[in-house]
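J.:
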Amino acid sequence: MNAIAKAIDALNEAFGRLIAPLIAVITLIVIYDIAMRFFIGRPSDWAFDTTKMLFGVHFMLMAAYGLRHHAHVEVDVLKRLLSRRKQAALEILGYLIFFVPFIWMLLTLGWDFFLRSFSRGETTYGMVAIPVYPVKAVIVIAAFLILLQAVAIVIRAIQQLREEEPA
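The opening position of the sequence shown corresponds to residue 1289 in the working numbering, with each subsequent residue numbered one higher.
1) Determine, using beta-carbon pairs with one atom in the region 1318-1327 and one in the region 1364-1380, whether at least three such pairs fall under 8 angstroms.
2) Any chance you could list the beta strand (DSSP E) runs of at least 3 consecutive residues sitting entirely within the region 1330-1369, in chain order?
3) Sort 1449, 1413, 1349 by Cα distance to residue 1377 and report the nearest one.
4) For residue 1422, which of helix, strand or coil comes out of DSSP?
5) So, is residue 1391 buried or exposed, given that buried needs 16 or more other C-beta atoms within 10 angstroms?
6) Tell me which residues share the same chain as residue 1350 and place their Cβ nearer than 8 angstroms to its Cβ, disregarding the 5 neighbours each side in the sequence.
7) Taking a contact to mean a Cβ-Cβ separation below 7 angstroms, would you say residue 1415 touches residue 1333 in this structure?
8) Would residue 1482 and residue 1431 be called neighbours here (beta carbons separated by less than 7 angstroms)?
9) Go ahead and pull the three-state DSSP assignment for residue 1412.
10) Determine whether the beta carbon atoms of residue 1444 and residue 1302 lie at a separation below 7 angstroms.
11) Below 6 angstroms CB to CB, which residues in the same chain sit around residue 1348 once its five sequence neighbours on both sides are set aside?
12) Rounded C-beta distance between residue 1337 and residue 1418? I'm assuming under 8 angstroms.
13) Going straight from the alpha carbon of residue 1379 to that of residue 1401, what length do you get?
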């Protein structure tokens, strides 16, 4: 089971490192658009929609990486008072009762959202019609990666329970 958790961690680590530089691309597009406004007096037709969609992609695809590195907000004031065994049990229950159903809903509804967009050939409404369905597909990919990372966290919590079994 530890090998599965390590493989999931490695996948999300690699994916996060691959996607992280996208913020630099977004920044360059914004700078380009600002320069166009300043020098020509007219923004580009595509920059706003592109940066909005790329930022959404960046945000969603970095979520599993953030979960892997415990970068999300946790309310652990009371959790710290518990033993490691009880912390592990609480983590398992929390993920199974709250987190996994929410992510499952995100996966299933996100898939429907993507399919509807893809079947209609949905595009942005700006001067340049940019396809929207690839960005909506990212919802499904991100939910899958987050679900995988949740599995890795639950595996580690189960191992923590097994290591500290009372005699």
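Glycine included, each C-beta is placed from N, C-alpha and C at the ideal position.
T.: According to the structure data:
1) no
2) none
3) Sequence index remark: in the sequence shown, residue 1377 carries index 89 (1-based). Answer by Cα proximity: 1449.
4) Here the question's residue 1422 lines up with position 134 in the sequence shown. Residue 1422: helix per DSSP, three-state reduction.
5) Start at 1 with the first residue of the sequence shown, and residue 1391 comes out as number 103. By the neighbour-count rule (16 or more Cβ atoms within 10 Å), residue 1391 is buried.
6) Along the sequence shown, read from residue 1 onward, the residue named residue 1350 stands at position 62. Closer than 8 angstroms at Cβ, skipping near neighbours: 1304, 1307, 1308.
7) Along the sequence shown, one-based indexing puts residue 1415 at 127. Along the sequence shown, one-based indexing puts residue 1333 at 45. Closer than 7 angstroms, so yes.
8) The structure shown has nothing for residue 1482, since the chain only spans 1289 to 1455.
9) Taking the sequence shown and counting its residues from 1, the one referred to as residue 1412 is at position 124. Coil, per DSSP.
10) The residue you call residue 1444 lines up with position 156 of the sequence shown. The residue you call residue 1302 lines up with position 14 of the sequence shown. No, they are not a contact pair.
11) Reading the sequence shown from its first residue, position 60 is the one you call residue 1348. 1426, 1430, listed in sequence order.
12) Position 49 of the sequence shown, counted from the start, is the residue given in the question as residue 1337. Position 130 of the sequence shown, counted from the start, is the residue given in the question as residue 1418. Between residue 1418 and residue 1337 the Cβ distance is about 5 angstroms, and since that is below 8 angstroms, they are a contact.
13) Translated into the one-based positions of the sequence shown, residue 1379 becomes position 91. Translated into the one-based positions of the sequence shown, residue 1401 becomes position 113. Near 30 angstroms, if we compare the C-alpha coordinates of residue 1401 and residue 1379.
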